[in-house]
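Notes for the one structure printed next.
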Amino acid sequence: MKAPLSWILDLVDVPDGTTTEEITDRLTLTGLKLEAIVSPGRDITGPLVIGRVLTKEPEPQKNGKTINWCTVDVGDANGTGEPQGIVCGAHNFEPGDLVVTVLPGGVLPGGFEIGARKTYGHLSAGMICSARELGLGDDHDGIIVLPPDAGEPGQDVRPVLGLDEETIEFEVNPDRAYALSLRGIAREVLVSVEGASGFRDPALRDTPAANDEGHPVVVEDAEGCPVFVARRVDGFDPAAPTPDFMVRRITAAGMRPISLAVDVTNYVMLETGRPIHGYDADKLQGAIVVRRAREREKLTTLDGTARILDPGDLVVTDDSGIIGLGGVMGGETTEISDSTTSILVEAAHWDAVSMFRTGRRHRITSEAGKRNERGVDPTICEAAADRVVELLVEHGGGTAHPGVTVVGSPPEMPVVAVAGDLAARVSGMPITEEQSVECLRAVGCEVTGSGTLSVTPPPWRPDLTDAQDFSEEVVRLVGYDKVPSVLPTPPSGRGLTRPQQLRRWVGRTLAGEGYVEVVSFPFVGEADLDALGLAADDPRRDLLRLSNPLSAEAGFMTSTLLPGLLRAAGKNVGHGTTDVAIFETGTVTLPRHAGPAPILPVDRRPTEAELEALDAALPAQPLHLALVGTGDAVSGGWWGEARPFSWADAVEAVRAVAAALGLEVSASAVELAPWHPGRCAELSVDGEVVGHAGEVHPKVCQAFGLPKRTVAAEVDLDLLIARAVHLRTAPTFSSFPVAKEDVALVVDASVPAADVEAALREGAGELLESIRLFDVYTGDQVGEGKKSLAYALRFRAPDRTLKEGEAAAARDAAVALAAQRTGAVQRA
Amino acid sequence: MSGPNTDYDPVEVTPLKADQVEAMREAALAAIADAADLDALKQVRIDHAGDRSPLALANREIGALPPQARKEAGQRVGQARGAVNQALAARQTVLEAEHEERMLAEETVDVSLPTTRRRRGGRHPLTLQSELIADLFVAMGYEVAEGPVVEAEWLNFDALNLGPDHPARTMQDTFWTEPAEDHVVLRTQTSPVQARTMLTRTPPIYVVCPGRVFRTDEYDATHSPMFHQVEGLVVDEGITMAHLKGTLDHFASQLFGDGITTRFRPSYFPFTEPSAEVDVRCFVCRGVDSASCRTCRGEGWIEWGGCGVVNPRVLVACGVDPEVYSGFAFGMGIDRSFMFRHDLEDLRPLFEGDVRFSSAFGTEI
Ligand SMILES: [Zn+2]
Chain A
0 MKAPLSWILD LVDVPDGTTT EEITDRLTLT GLKLEAIVSP GRDITGPLVI GRVLTKEPEP
60 QKNGKTINWC TVDVGDANGT GEPQGIVCGA HNFEPGDLVV TVLPGGVLPG GFEIGARKTY
120 GHLSAGMICS ARELGLGDDH DGIIVLPPDA GEPGQDVRPV LGLDEETIEF EVNPDRAYAL
180 SLRGIAREVL VSVEGASGFR DPALRDTPAA NDEGHPVVVE DAEGCPVFVA RRVDGFDPAA
240 PTPDFMVRRI TAAGMRPISL AVDVTNYVML ETGRPIHGYD ADKLQGAIVV RRAREREKLT
300 TLDGTARILD PGDLVVTDDS GIIGLGGVMG GETTEISDST TSILVEAAHW DAVSMFRTGR
360 RHRITSEAGK RNERGVDPTI CEAAADRVVE LLVEHGGGTA HPGVTVVGSP PEMPVVAVAG
420 DLAARVSGMP ITEEQSVECL RAVGCEVTGS GTLSVTPPPW RPDLTDAQDF SEEVVRLVGY
480 DKVPSVLPTP PSGRGLTRPQ QLRRWVGRTL AGEGYVEVVS FPFVGEADLD ALGLAADDPR
540 RDLLRLSNPL SAEAGFMTST LLPGLLRAAG KNVGHGTTDV AIFETGTVTL PRHAGPAPIL
600 PVDRRPTEAE LEALDAALPA QPLHLALVGT GDAVSGGWWG EARPFSWADA VEAVRAVAAA
660 LGLEVSASAV ELAPWHPGRC AELSVDGEVV GHAGEVHPKV CQAFGLPKRT VAAEVDLDLL
720 IARAVHLRTA PTFSSFPVAK EDVALVVDAS VPAADVEAAL REGAGELLES IRLFDVYTGD
780 QVGEGKKSLA YALRFRAPDR TLKEGEAAAA RDAAVALAAQ RTGAVQRA
Chain B
0 MSGPNTDYDP VEVTPLKADQ VEAMREAALA AIADAADLDA LKQVRIDHAG DRSPLALANR
60 EIGALPPQAR KEAGQRVGQA RGAVNQALAA RQTVLEAEHE ERMLAEETVD VSLPTTRRRR
120 GGRHPLTLQS ELIADLFVAM GYEVAEGPVV EAEWLNFDAL NLGPDHPART MQDTFWTEPA
180 EDHVVLRTQT SPVQARTMLT RTPPIYVVCP GRVFRTDEYD ATHSPMFHQV EGLVVDEGIT
240 MAHLKGTLDH FASQLFGDGI TTRFRPSYFP FTEPSAEVDV RCFVCRGVDS ASCRTCRGEG
300 WIEWGGCGVV NPRVLVACGV DPEVYSGFAF GMGIDRSFMF RHDLEDLRPL FEGDVRFSSA
360 FGTEI
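As you go down the protein sequences, you meet chains A and B in turn.
Per numbering that gives the first Met the number 0, the first sequence starts with residue 0, numbered consecutively.
Per numbering that gives the first Met the number 0, the second sequence starts with residue 0, numbered consecutively.
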């Protein structure tokens, strides 16, 4: 809300010498936050004075243009008292006129510095200004000619043009609709600024009594439209200009002046907060009827939009049909035009919820709608209509029709029981009941009783419905700045939960492994899943669709972190960071198609069954961890060659995370997009699949702008964390000597090393302390389709030194079982 | 002087002669002193202390002497051999030390060479900031509560006193999901976690809920469709705005520095009443000569978040008896706090995944 200061001060007095900043500081503390203080002349500096044109000599130029060489009396403003010679391109003035003159040294909006300069063969010392040059509007047809009584030459012209006038812009919270009016703001000044007094309520005026001579109005839906007031002005001069003060104030308040009739309704809306609608009375046919729209009824509103109405919409009709969306926007057929001479003024109170729904349904935001949907004082319809009539008559030369139509009556304000000590209990301040009552009365409440107060809010405060609402009114007037600072004493906390701690460890582990955490948006499109190469029946294609995504290409919540992560890796490569290791943890969305989520009552706690129904309707949202590596895993340098990322790095990173959780991961081959079909590991913990890792399919690399051999992993972190070992048992070591045995086994290339190792372990028995695969060989020496696996085995007994041949026997048993299980043959 | 004594005949040796033994000893000591390195010393040891060295041979002769001469000869030779062995050991120590010194000098490297074989990893600064904030509250005895980001409409709105026609619903541009009749949204705030907490715990409740939230804001330098919030909720007997103020003052001083406090301004949130905007004292200029301060743009205060006393209607919907308990709640943007705490003007680097950004913050902030 933008409020010209002069307008505020028309309605309330502040002590002499109170600065604008003092006013806005106080209002900010009581709830009207200052956004900005602006004045139209803030960008103008230096001498800007009234000048009287003494001479004006037209001088035609070669370019076809005619300029005027003028002398202008600027009094003593130029320091000499001599007339000022100025070249002027405009023609809409005559010698003797008072004009706006900027002298050398002045600066106009846009940093336009004025000096004395040679032009058209003259030394032009200054400029005669148009409204546009002063930043006062777009009117560039000519210079400003001031009224003859504007002042004396040489006087500062700023006060004359209102250039000094300050406008305060406030942020108005949605519950404080009354502050969308000068009336409301002035009232806030009254209760907020020390020493403010003399509030003059613009809605407090004597209005003529209702009679039967007014325009006939029938309200069929009194709930939707509790009050409808109609007044009429005849003999209005449609050509009458809007007075300057009104144009200035409407403009300062952020609205566009249109015509006197429209400007007056807007002016009164700004002044009182009550939206007004004006009809061309001659275009009305018969009685006005207010009702709800019928299915599929149509209306073309003032903005030229043809709309199909909803049965929830409140409409204003006459014999011709629908002529307006009540409280939201008028229709074209009865619009006030430049030939309108009879105006019907409507000041009606509308149901706020209906206004909100209609505005949202038809996507209409208007100054009227903004006020109506937040709640307007229902008691001021007659006063507002009367004020409009007064201004139309005063400035448009019409006469007020004696008819006064008033249908309905304002709804009663509720009486709310408020504990006298509530404000003190809520705020923690020693606020007495007397103080509370005083504050409540200051904001317009009626208060009776003691102990438990009976409080009736003022009609402009429909937001005050609950006892707690009144406590806020008290506390804000006592002052939020006076609330003491006291730390509560919580009971002993239990700290982070185990999963919360472990999640941090996962991040630290990966950072230690050289991966950098990134955060991506969880939005994904089908094209992203195509780029991953997911099969048509891949469960990850079952996505939760957003109704209103920001972009059609990313219209779903993702089921996998990989698209975002691969995209981020591609971007890094694109920026020239060719070696990238990144990870992300985040929830993915896996629909369960178990909706809908019920809308439960709010006047009681939901039952357990109702809460279960809420949760059941939500998609599963497990926490995933994904990582991507591309380029070199180990950089090259003076120490040796670089080592590019390999599928094994992705598996190892997951193993590192698992190890941090006390878990061991086993890997087995699987074919799954987006991985290379021969280089993808399915990762399991205790037989449960937790995720996948490996080299990314070359086509997928290409799709994301990544080099081949990029590696990736994605695991369900919730599953891992759920399995994390909580209490680890302390290990025991044998201090007897170790016996080492190496074996090399030749197996078919297709045999997983993990199977060979498992057989060796089992066959070796209890004496085996550790086993390590130290070489894998393929080539001529082992033959086509075969591979040689070389293992180092360490044997040790916990309680004795092994006897001669014991280790060798265990080794032989291990090899024998491997031979039996995997067809392994020991290499000579 | 060193080298084997080739021209002597053991038979002719007269071991008892003091000057001869003395000469052997002198020759040996001179050779030891002259040995330039460990190899040379090894040879000297053979020549002068070995089995065939003059002193060893002289020693052997002692047995052939008349008994009355043996004692004296034995003493003389023994002393000479002792002196030689001592000198050998001393020289050995010196030469070994010299050798080691030389070897170490030869092994000198350029320690200024780069050592970064593997790039360092890092965690996302928003993760770190969330954890830092969580830790501040955990230290006060709070617990960290969590909830889903795809959330039931009732929990995101209705339970928080935002009925279907509440004008405030338009303040929050919500991502809705399909089918619409499922009443499922992307949470617009972390407040549904507060509701869930009240529904599943009994007071006293002291929790913070950091998490991701979503609004349909176009992505630009100051808006993002996804951002991070931290909300706090306290429900206990006798909780007041003063407790809220105390908690936020403490929070501010922990996050932004000693002596940094907060300011409340009346505001409106459906789930709190009274409600307040929280401004935090600018930690750069501390409100002194703010005019030129970039961080607070001359205001001396920075808009930080919203807070208030939990609306009794919310307590009722969440099964808490408002006659017994009262509470406060607050919420701040983690991203926003991060931006002004770390002087970041454009938020987009937070979500672009450029490793140069995250790695700058390492693993702690
Ligand atoms: Zn500052």
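Glycine residues also receive a C-beta, built at the ideal position from the N, C-alpha and C atoms.
Just so we're clear, the structure is a prediction, and the values are computed from it rather than from any experiment.
Closest Cα partner of residue i within the set the options
i, options, result
"residue 486(A)", "427(A), 529(A) and 410(A)", "427(A)"
"residue 119(A)", "331(A), 63(A), 152(A) and 102(A)", "63(A)"
"residue 525(A)", "85(A), 533(A) and 409(A)", "533(A)"
"residue 607(A)", "94(B), 64(B) and 195(B)", "195(B)"
"residue 794(A)", "784(A), 780(A) and 813(A)", "813(A)"
"residue 508(A)", "707(A), 659(A), 43(A) and 345(A)", "659(A)"
"residue 403(A)", "460(A), 343(A), 247(A) and 148(A)", "343(A)"
"residue 149(B)", "594(A), 766(A) and 690(A)", "594(A)"
"residue 9(A)", "168(A), 197(A), 191(A) and 459(A)", "197(A)"
"residue 583(A)", "503(A), 635(A), 184(A) and 54(A)", "503(A)"
"residue 97(A)", "107(A), 737(A) and 142(A)", "142(A)"
"residue 152(B)", "189(B), 243(B) and 247(B)", "189(B)"
"residue 189(A)", "257(A), 77(A), 25(A) and 670(A)", "25(A)"
"residue 304(B)", "263(B), 321(B), 298(B) and 198(B)", "263(B)"
Residues that residue i contacts on chain B, provided the C-beta gap is smaller than 7 Å
i, result
"residue 638(A)", "116"
"residue 588(A)", "149"
"residue 363(A)", "In chain order: nothing, as chain B lies at least about 12 Å away."
"residue 174(A)", "267"
"residue 598(A)", "152, 153, 157 and 182"
"residue 581(A)", "352 and 354"
Which residues DSSP lists as bridging residue i, in chain order
i, result
"residue 126(A)", "101(A)"
"residue 240(B)", "DSSP output for residue 240(B) lists no bridge partner at all."
"residue 585(A)", "623(A)"
"residue 266(B)", "274(B)"
"residue 1(A)", "168(A)"
"residue 856(A)", "Nothing about residue 856(A) can be reported from this structure: the residues present for chain A run from 0 to 827 only."
"residue 788(A)", "744(A) and 775(A)"
"residue 55(A)", "69(A)"
"residue 145(A)", "97(A)"
Proximity test, residue i beta-carbon vs ligand 1 heavy atom, cut-off 7 Å
i, result
"residue 279(B)", "no"
"residue 336(B)", "no"
"residue 299(B)", "yes"
"residue 294(B)", "yes"
"residue 289(B)", "yes"
"residue 284(B)", "yes"
Partners in chain A for residue i, counting only beta-carbon separations shorter than 8 Å
i, result
"residue 341(B)", "None at all; the shortest Cβ gap to chain A is about 15 Å."
"residue 226(B)", "Correct list: empty, because the minimum Cβ distance to chain A is about 10 Å."
Contact list for residue i against chain B, beta-carbon separation under 8 Å
i, result
"residue 578(A)", "118"
"residue 558(A)", "Residues of chain B passing the Cβ test: none, with the nearest at roughly 12 Å."
"residue 222(A)", "Under the 8 Å cutoff, chain B gives no residues; its nearest Cβ is about 14 Å from residue 222(A)."
Closer than 7 Å at the beta carbon, the chain A residues around residue i
i, result
"residue 310(B)", "467"
"residue 191(B)", "Going along chain A, no residue has its Cβ under 7 Å from residue 191(B), so there is no contact; the nearest lies around 10 Å."
>> Counting beta carbon pairs with one atom in the segment 149-162 of chain A and one in the segment 64-74 of chain A, are three or more of them shorter than 8 Å?
In response: Result yes; three or more Cβ-Cβ pairs closer than 8 Å.
> How about the segment 122-136 of chain A and the segment 40-55 of chain A: do they share at least three Cβ pairs that are nearer than 8 Å?
Replying inline: Between the segment 122-136 of chain A and the segment 40-55 of chain A, the count of C-beta pairs closer than 8 Å reaches three or more; the two stretches touch.
>> Assess contact between the segment 145-159 of chain B and the segment 110-130 of chain B, defined as three or more Cβ pairs (one per stretch) separated by less than 8 Å. Is contact present?
In response: Fewer than three pairs of CB atoms, one per stretch, sit closer than 8 Å, so the segment 145-159 of chain B makes no contact with the segment 110-130 of chain B.
> Are the segment 490-505 of chain A and the segment 246-253 of chain B touching by the rule of at least three beta carbon pairs closer than 8 Å?
Replying inline: No, they do not touch.
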